[in-house]
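Have a look at the structure below before the remarks.
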Amino acid sequence: MTSLIKVWEIPGGVHPPENKSQSLQEPLAKLPIAPQLILPLNQHIGNPAKPVVAIGDHVRGGQRIAEADGIFSAHVHAPTSGTISAIDDHLIPHPSGLSAPCITIDTDGKDDWVTLTATDDYHKLERTTLLAKIRDAGVAGLGGAGFPTSVKLNPRANHIIDTLILNGTECEPYITADDMLMQTRADEVVAGTQLLAYLLNNPGRVVIGVEDNKPRAVEALQRAAADTEIQVVSFPTKYPSGGEKQLIQILTGREVPSGQIPASIGVVCQNVGTAVASWRAVRYGEPLVSRVTTVVGEALTRQRNIDVLLGTPIDFILKEHGFDAKKASRLVMGGPMMGFTLPDPQVPLIKTTNCILAPSKKELPPPLPAQACIRCGLCAEACPASLLPQQLYWYAQAEDYEKLEAHSLFDCIECGACSFVCPSHIPLVQYYRAAKGSIRLHEKEREKSDRSRRRFEFRQERIAKVEAEKEAKRLARKQAAEAAKKKLANEKQAGVEAGPVPAPVSDAQTKAGAKQKTPAEQQARLERLLASAQESLKKAQQPLEANEPGQSVTDEQREKQQARIKQAELKVHDAEQKLSDFRAEQGKSAETPAPADSDPVAAAIAKAKAKMDMDPAEKLRANLDSLQQRLAKAEEKAEAARAAGDEKADALAQGVQKLQQKIKDTQTELAELSPSTVAEPSPSGRHEADVAGLAIEKAKAKAAAMATMSADDKLRNQIDSVKARLEKARERLAKAEAEADDNVEAFRTGVEKLSSKLETLEQQANASAD
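Letter by letter, the sequence shown follows residues 1 to 770 of my numbering.
Below is the structure:
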């Protein structure tokens, strides 16, 4: 007994003319198949679907032609058989009047369908399997924004659902699609309700809410639900009692908190059309390819409810109902309260299209010009969400988005009750819609800006870390050098005998002495280094200029300048310190001059003269011994680099090969020397000339080989080399990361540089191939 079930009152609301009798004069009819169907990829809230067919493909009815992209998305199916003729942008039914990706099917009239999989008893299937069937059928909410049904039927674990509500209110004027559905298919509505209750683990209360202006629908539902636990509740008519939150409050007395969903208070609300579509998807395996739609308005010769295929162009539907364009004031998709004007009659019918309204100019005249707000407060009295429409209007005009959010703009359901009662004819809902769009756009831009800021801060931290590590290493080297100098000075002052110098140390000292310059030359060199560093610092401190005329200096340019200035200052400091240390050391050495026999320059000159006096054979033997020693050391270094995966391993291996070749050439040259040639002294510069000539010949041969190589071959060789280096660099990086090496950032930077270089070379190769 519906009279014994308590209902609650909602705040606000209005009573516009219902105008529902016009479309209920004829029974539910089925519209013929249109020659062409246009199916938008986004007929639901969330991400658009992705096409899985190509132009020219033949499809059958029920075949999937676009797959859901993520959880908040829905599949799209072919409503009938035909050929894919286009996959491109087309006008869609949306208040923006913009185009969106659509799939166009040229129908063949055969209505050939794929084989469907039926389910006799869904109680034998797992809940996840049933949800998958509903998702595979592309079922989305048929009464509102088109929320994917499978998502709504799978609430969070912490949301305990105790009430399921089927929305059969249909409070919008003119629209009778759900009314006709409940009258003609009440058994399927009840079966769909039982299916949804089963998927929600059988809530304690299951209710179908219907306004009392639909007595035939209420009677049909009561007969169909007579032997079930489903309650059919009829309540007084008032607009907008069909809103989800308003209907929940009417039937349960609960209010959905601001910013939350009905599941947070234990309620799930679904449209009766959605329940039927879910039932047919599970029972018969049918995808959602058609829906019941109201076609009404005085500009039509025939007004009724039709079962029409999705994607059917609106102008085809209007033509079937005797549309008179001269008589119509405009075309509206939806009702007069929440609907929107269609930009073009060629837009298609989609899953959320419940009404096509073609009113005459007398029936729905153009809106009067808006006048100034008189602060009457009628809008606040009519608001079913208990908002302050007048304040929202002022803030929307001023684009004060913070105040709009503070006044719960997004709780507005855009029912149009405030605009309906406004004596100044202000289109309040249009201001709210525009403000919501602007806020969403600002949020996206803010998120993008936040991501950019986080990337910049991370980069700054990384640069600072690298600079700190470099500075720490530099200081450590400096301290070690100072400690070594101090230790050596202490040993000299104490007169400690160092004992025999090891051979490697002796060789190093000999080489260092040979390269040593006079004190005047050393001081001049240090002064030149200091002047050069100071000049670099001045250049680095020069004012920056923009990259392009009319633009300002970027943060990246300033950051690079600061890095250059810091590096130049460090060089100046090092040069000044070296020069100061050198002068101090020279001041001490002037007091105690060194003995003449300790002059490394004189020793080097004597050694060079002795070498000049040697005969060719002795020179070759000495050179051969030196080369063999160098080869042994080079082989050790190459083997160690290869074992460590060093990027210099290839270069060291090439050095070993060169030394081996030099040894062979030297041995050959030594064997070719005749006894007379050995016995006779040769000019001092002869051997040097022969070696230089041999080097020149080798260089000429290498240059000739490079000259014969094409640019593409050179580029390919370079790409192969970089690939090999990149692979080894990645191995070193992985090893460093596994061992928590302090230089892991340096290894990572090296990998990035090599990857960038390889990408550039491959782009050059591709461009050359094209």
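Cβ coordinates follow ideal geometry from the N, Cα and C atoms, glycine included.
Mind checking which residues open and close the alpha helix (DSSP H) that includes residue i?
i, result
"L131", "R127 to D136"
"T666", "A649 to E672"
"R446", "L428 to A494"
"D720", "A711 to E739"
"S234", "No alpha helix (DSSP H) contains S234, which is instead part of the beta strand (DSSP E) from Q231 to F235."
"N623", "P616 to A644"
"G192", "A186 to L199"
"L537", "P519 to A540"
"I250", "E244 to T252"
"L404", "Y401 to A406"
So, is residue i buried or exposed, given that buried needs 16 or more other C-beta atoms within 10 angstroms?
i, result
"G46", "buried"
"L196", "buried"
"W8", "exposed"
"N743", "exposed"
"C376", "exposed"
"K753", "exposed"
"D555", "exposed"
"S684", "Confidence is the limiting factor: at S684 the pLDDT is only 41, short of 50, which leaves the residue's position unreliable, though a coordinate-based value still follows. Flag for S684 reads exposed."
"Y284", "exposed"
"T666", "buried"
"V466", "exposed"
"S449", "exposed"
"A634", "buried"
"D720", "exposed"
"D179", "buried"
Return yes when the Cβ of residue j is within less than 8 Å of the Cβ of residue i, no when it is not.
i, j, result
"L300", "A358", "yes"
"M182", "L221", "yes"
"A380", "L388", "yes"
"S241", "C355", "no"
"D89", "P101", "yes"
"V276", "V189", "yes"
"M337", "G416", "yes"
"V14", "Y174", "no"
"D650", "A724", "yes"
"A75", "D120", "For clarity, residue 75 is His in the given sequence; the question names Ala instead. Not a contact, by the Cβ cut-off of 8 Å."
"L331", "T341", "yes"
"A540", "Q557", "no"
"G266", "I165", "no"
"D307", "S290", "yes"
"F456", "Q523", "no"
"A575", "L627", "no"
"L652", "L579", "no"
"I134", "A281", "yes"
"S532", "A568", "no"
"L125", "L199", "no"
I need the boundaries of the beta strand (DSSP E) containing residue i, first residue and last residue.
i, result
"Q36", "Q36 to P40"
"G209", "R205 to E211"
"L309", "R304 to L309"
"G141", "Unbroken run through G141: none, as it is neither H nor E."
"V53", "Note, V53: premise wrong, no beta strand (DSSP E); not H, not E."
"G273", "Here G273 belongs to no beta strand (DSSP E); instead the alpha helix (DSSP H) covers V272 to R283."
"C102", "S99 to T107"
"A66", "R64 to E67"
"A86", "G82 to L91"
"T293", "S290 to V296"
"I165", "T163 to N167"
Measure the beta-carbon distance from residue i to residue j and round it to whole angstroms, keeping in mind my assumption that it falls under 8 Å.
i, j, result
"C269", "G12", "Contact flag wrong, Cβ pair sits at about 19 Å."
"V210", "G168", "4 Å"
"P313", "Q36", "7 Å"
"T176", "L288", "With a Cβ gap of about 21 Å, T176 and L288 do not count as contacting."
"K20", "N271", "Actually they are not in contact, since the Cβ atoms of K20 and N271 sit about 17 Å apart, beyond 8 Å."
"A54", "L41", "Rounded, the Cβ-Cβ distance is 14 Å, inconsistent with contact."
"Q43", "K351", "4 Å"
"I250", "F235", "6 Å"
"T184", "L28", "5 Å"
"S278", "G146", "In fact, because the Cβ distance is near 14 Å, the residues do not count as touching under 8 Å."
"D108", "S81", "6 Å"
Would you be able to state if there are at least three C-beta pairs under 8 Å between the stretch 43 to 61 and the stretch 101 to 120?
At 8 Å Cβ cutoff, the stretches touch.
Could you tell me whether the stretch 252 to 260 touches the stretch 212 to 229, using the rule of 3 or more Cβ pairs below 8 Å?
no
Cβ contact (3+ pairs, closer than 8 Å) linking the stretch 357 to 373 and the stretch 429 to 443:
no
The stretch 422 to 435 touching the stretch 708 to 722, judged by at least three CB pairs closer than 8 Å
no
Taking contact to mean at least 3 C-beta pairs separated by less than 8 Å, is the stretch 318 to 327 in contact with the stretch 149 to 163?
Short answer: they don't touch.
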